[in-house]
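Residue numbers (the numbering used here): 22 to 309. Each residue gets a CB set at the ideal place from its N, CA and C atoms; glycine is no exception. Note that the structure is a prediction, hence the values are computed from the model and not measured.
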Amino acid sequence: MKTFYYVHTGHRIGLDRFRRASAIIKMLKGVDITLLTSDYRIAQISRDFGIETSVGIDVVRNIPQISHNGDRLIFDSDEANPLMLEDMRAYFSSFIRISDDENDTKAEAEALISPYLEGEGICHAVAVDEQYFGNFEKKISISYFFGDDDYEKDLQQHLDFIQELKPNLQLGFYYFLDYEEMLKKEFPQHTEFEEYEEMIKTTDILITASPQAVLESLASGGKPIYAQREDYTKEFVSLFSQLNVPVVYNYDKNHLNEILLTIDNHKYEKIQLNSNRIADFIKENLNL
22 MKTFYYVHTG HRIGLDRFRR ASAIIKMLKG VDITLLTSDY RIAQISRDFG IETSVGIDVV
82 RNIPQISHNG DRLIFDSDEA NPLMLEDMRA YFSSFIRISD DENDTKAEAE ALISPYLEGE
142 GICHAVAVDE QYFGNFEKKI SISYFFGDDD YEKDLQQHLD FIQELKPNLQ LGFYYFLDYE
202 EMLKKEFPQH TEFEEYEEMI KTTDILITAS PQAVLESLAS GGKPIYAQRE DYTKEFVSLF
262 SQLNVPVVYN YDKNHLNEIL LTIDNHKYEK IQLNSNRIAD FIKENLNL
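Here it is, written out as C-alpha cells:
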C-alpha cells in the first residue's frame with residue numbers, strides 16, 4: 022500500500038500548492054510519500070525542496086494509472102468535481118483533502134485540512150515550512166513577488182503599480198526566458214527563483230499575489246501585503262482578514278501607498294507553527 026500526494030501546479034497555476042506540499046512532506050519526516058504534480062518541470066527538481074520522490078502527470082484523471090485501489094492519497098486541488106471526489110474516496114483506502122474554501126464541508130470517507138473549518142475529522146491549520154519560523158535580519162526593505170506564473174504577462178502590464186517603489190523583484194518559476202530577461206532590466210534589484218527562501222526570510226515588506234508567500238512572510242517576521250490577482254482565487258481574503266494582512270485590489274497604487282505609510286505601526290496577527298499537529302493528523306488518518 023503506497024501513499025500519494027497530488028498537487029495542482031502549472032504555468033497558469035503557480036506553485037503555492039507545491040510549496041505547501043513541500044512543507045507538509047517535511048513535517049512527516051521520513052514517511053514514504055510520492056508527490057504527484059500536474060506538470061513535469063517542477064517534479065524534476067522536487068528533490069531541491071526535500072521531496073524524495075515526485076512524478077509529473079498530465080491531468081488529475083491519471084492518478085489511478087500510477088496508483089492502486091486501496092492506496093492512500095492526500096489531495097490538494099480544485100480540479101475535481103463532486104463525482105470525481107466521490108470516486109477518489111471509494112478508490113483510496115484513506116483520503117485527505119486540503120481545502121481553502123471557508124464554505125466547504127467535509128464529506129464522509131475523507132479527512133480535511135482547512136484554515137477555516139473545525140470539527141471531527143478536520144485539522145484546522147495552515148501549513149508553513151518550519152524553516153520560516155524565526156528571527157531573521159531584514160536586509161531587503163521591499164520585495165515584490167507576483168507569483169511563480171505570469172502566462173498573460175500581467176506583471177508587465179501593471180508595472181506602474183509597483184515600479185516607483187523600486188522594489189526587489191522575486192522572479193517566478195514559470196516565467197518565459199525572454200520575459201524574465203525583460204523584467205531583470207526593469208528591476209535591477211531582483212532575486213532568482215532559487216533564492217526565494219532567502220528572499221522571504223530577509224524581506225521586511227513583501228508585496229505579493231502569492232497566498233503561501235504571505236503566510237511564509239508572516240512566519241518570518243515580515244510585513245506582507247496581499248495583492249489580489251484577478252486570475253487567482255479569492256478564498257484567502259477571509260483568512261488574511263483574520264490575520265490582519267492588508268489586501269489591495271485592482272492594482273490600486275493609491276491604496277498601496279496608503280498602506281505603506283502606516284505599515285510600521287500595523288499590527289499583524291501571528292501564525293502558529295502547526296507542524297506536529299498536521300503531521301499527527303495525517304498519520305492518524307492515513308494509518309501510518
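Next on the checklist: If distances are taken between C-alpha atoms only, which option among F70, L180 and K291 comes closest to Y272?
Outcome noted: The residue given as residue 272 occupies position 251 in the sequence shown. Cα-wise, what sits closest to Y272 is L180.
Item to check | Nearest to V80 (by Cα), restricted to the options D69, D99 and T74 | outcome: The count along the sequence shown starts at 1 and reaches residue 80 at position 59. Of D69, D99 and T74, the residue nearest in Cα terms is D99.
Next on the checklist: Please give the ranges of any alpha helix (DSSP H) in the region 60-122, keeping only runs that are unbroken, at least 4 residues long and fully inside the region.
Outcome noted: 61-65, 84-87 and 103-112
Next on the checklist: Could you compute how far the alpha carbon of A59 sits from the alpha carbon of V147?
Outcome noted: Here residue 59 corresponds to residue number 38 of the sequence shown, with the count starting at 1. Here residue 147 corresponds to residue number 126 of the sequence shown, with the count starting at 1. Strictly speaking, residue 59 in this sequence is Ser, with Ala absent from that position. Roughly 22 Å separates the two Cα atoms.
Item to check | Distance between I292 and F261 (C-alpha atoms, nearest Å) | outcome: Translated into positions along the sequence shown, residue 261 becomes position 240. Translated into positions along the sequence shown, residue 292 becomes position 271. C-alpha separation (whole angstroms): 11 Å.
Checklist entry - From E207 to Q177, what does the alpha carbon distance come to, in whole angstroms? => result As a position in the sequence shown, residue 207 is number 186, starting the count at 1. As a position in the sequence shown, residue 177 is number 156, starting the count at 1. Going from the Cα of E207 to the Cα of Q177 covers about 9 Å.
Item to check | Element boundaries [alpha helix (DSSP H), containing Y200] | outcome: In the sequence shown, the residue the question calls residue 200 occupies position 179. Start and end: L198 to E207.
Item to check | DSSP bridge partner residues for H145 (one or two, in chain order) | outcome: For the purposes of this step, residue 145 is taken as residue 124 along the sequence shown, with counting starting at 1. Its beta-bridge partners are S135.
Next on the checklist: Please classify F182 as buried or exposed, where buried requires at least 16 other C-beta atoms within 10 Å of its C-beta.
Outcome noted: The residue labelled residue 182 in the question sits at position 161 within the sequence shown. It counts as buried.
Checklist entry - With E151 and L294 assumed to form a contact (beta carbons below 8 Å), what rounded beta-carbon distance in angstroms separates them? => result As a first step, residue 151 is located in the sequence shown; it is residue number 130 there, counting from the start. As a first step, residue 294 is located in the sequence shown; it is residue number 273 there, counting from the start. Indeed they touch by this definition, with Cβ atoms about 7 Å apart.
Checklist entry - With burial defined as no fewer than 16 other Cβ atoms inside 10 Å of the residue's Cβ, what is the status of M48: buried or exposed? => result By 1-based counting over the sequence shown, the position of residue 48 is 27. Classification of M48: buried, given that the 10 Å Cβ count is 16 or more.
Next on the checklist: Going by DSSP in three states, L307 sits in which element: helix, strand or coil?
Outcome noted: Here residue 307 is taken as the residue at index 286 of the sequence shown, counted from 1. Residue state, collapsed to three classes: helix.
Item to check | Where the alpha helix (DSSP H) containing I280 begins and where it ends | outcome: Within the sequence shown, numbered from 1, the residue matching residue 280 stands at position 259. Per DSSP, I280 belongs to the alpha helix (DSSP H) from K274 to T283.
Next on the checklist: Strictly by DSSP, which residues pair up with A128?
Outcome noted: Along the sequence shown, read from residue 1 onward, the residue named residue 128 stands at position 107. DSSP, once it has assigned bridges, lists no residue as partnering A128.
Checklist entry - Between F166, E129 and E185, which lies nearest to R110 when the distance is taken from Cα to Cα? => result Here residue 110 corresponds to residue number 89 of the sequence shown, with the count starting at 1. Comparing Cα positions, the closest option is E129.
Next on the checklist: Could you pull the DSSP bridge partners for P164 from this structure?
Outcome noted: Reading the sequence shown from its first residue, position 143 is the one you call residue 164. In the sequence on display, residue 164 carries Ser and not Pro. Bridge partners of S164: N189 and L227.
Checklist entry - Got a sec? Which residues, its chain only, sit under 8 Å from I143 by beta carbon, not counting five neighbours each side? => result Your numbering for residue 143 matches position 122 in the sequence shown. The residues are K127, A132, L133, I134 and S135.
Next on the checklist: Does S231 pass the burial test, meaning 16 or more other C-beta atoms within 10 Å, or should it be called exposed?
Outcome noted: Indexing the sequence shown from 1 puts residue 231 at position 210. Looking at its Cβ environment, which holds 16 or more other Cβ atoms inside 10 Å, S231 is buried.
Checklist entry - Nearest-angstrom Cα distance between S43 and R118? => result Along the sequence shown, one-based indexing puts residue 43 at 22. Along the sequence shown, one-based indexing puts residue 118 at 97. Cα to Cα, S43 sits roughly 16 Å from R118.
Checklist entry - With 16 as the cutoff for other CB atoms within 10 Å, does V52 come out buried or exposed? => result Taking the sequence shown and counting its residues from 1, one reaches residue 52 at position 31. Answer is exposed; the Cβ neighbour count stays below 16.
Checklist entry - On the three-state DSSP scale, how would you describe P267? => result Locating residue 267 in the sequence shown gives position 246, where the first residue counts as 1. Three-state DSSP puts P267 in coil, outside helix and strand.
Next on the checklist: Once the 5 residues before and after D169 are set aside, which same chain residues still bring their CB inside 6 Å of it?
Outcome noted: Reading the sequence shown from its first residue, position 148 is the one you call residue 169. If we look at D169 and ignore the five residues flanking it on each side, its Cβ neighbours are G35, L36, G193, F194 and Y195.
Checklist entry - Which residue or residues does DSSP assign as beta-bridge partners of G35? => result On the sequence shown, position 14 is the one that residue 35 refers to. Looking at the DSSP assignment, G35 forms a beta bridge with G31.
Checklist entry - With a Cβ-Cβ cutoff of 8 Å, do V268 and P245 count as a contact? => result Indexing the sequence shown from 1 puts residue 268 at position 247. Indexing the sequence shown from 1 puts residue 245 at position 224. No, the Cβ-Cβ distance between V268 and P245 is not below 8 Å.
Next on the checklist: Using a Cβ-Cβ cutoff of less than 6 Å, which residues in the same chain neighbour S88 once the five nearest sequence positions on both sides are dropped?
Outcome noted: Along the sequence shown, read from residue 1 onward, the residue named residue 88 stands at position 67. Excluding residues within five positions, the ones whose Cβ falls inside 6 Å are F25.
Item to check | Buried versus exposed call for G71 [16 or more other C-beta atoms within 10 Å across all chains shown] | outcome: Mapped onto the sequence shown, residue 71 falls at position 50. G71 comes out exposed.
Next on the checklist: Excluding the 5 residues flanking L227 on each side, which residues of the same chain have their C-beta closer than 6 Å to its C-beta?
Outcome noted: Translated into positions along the sequence shown, residue 227 becomes position 206. Only S164, S238, G243 and P245 meet the Cβ criterion.
Item to check | Identity of the residues DSSP links to Q249 by a beta bridge | outcome: The sequence position of residue 249 within the sequence shown is 228, counting from 1. Y270.
Item to check | Neighbourhood of T224 by C-beta distance below 6 Å, restricted to the same chain and skipping five residues each side | outcome: Residue 224 sits at position 203 when you count from the first residue of the sequence shown. If we look at T224 and ignore the five residues flanking it on each side, its Cβ neighbours are I161, S164 and G243.
Checklist entry - How many angstroms separate the CA atom of G155 from the CA atom of R93? => result Locating residue 155 in the sequence shown gives position 134, counting from the first residue. Locating residue 93 in the sequence shown gives position 72, counting from the first residue. Approximately 33 Å between the Cα atoms of the pair.
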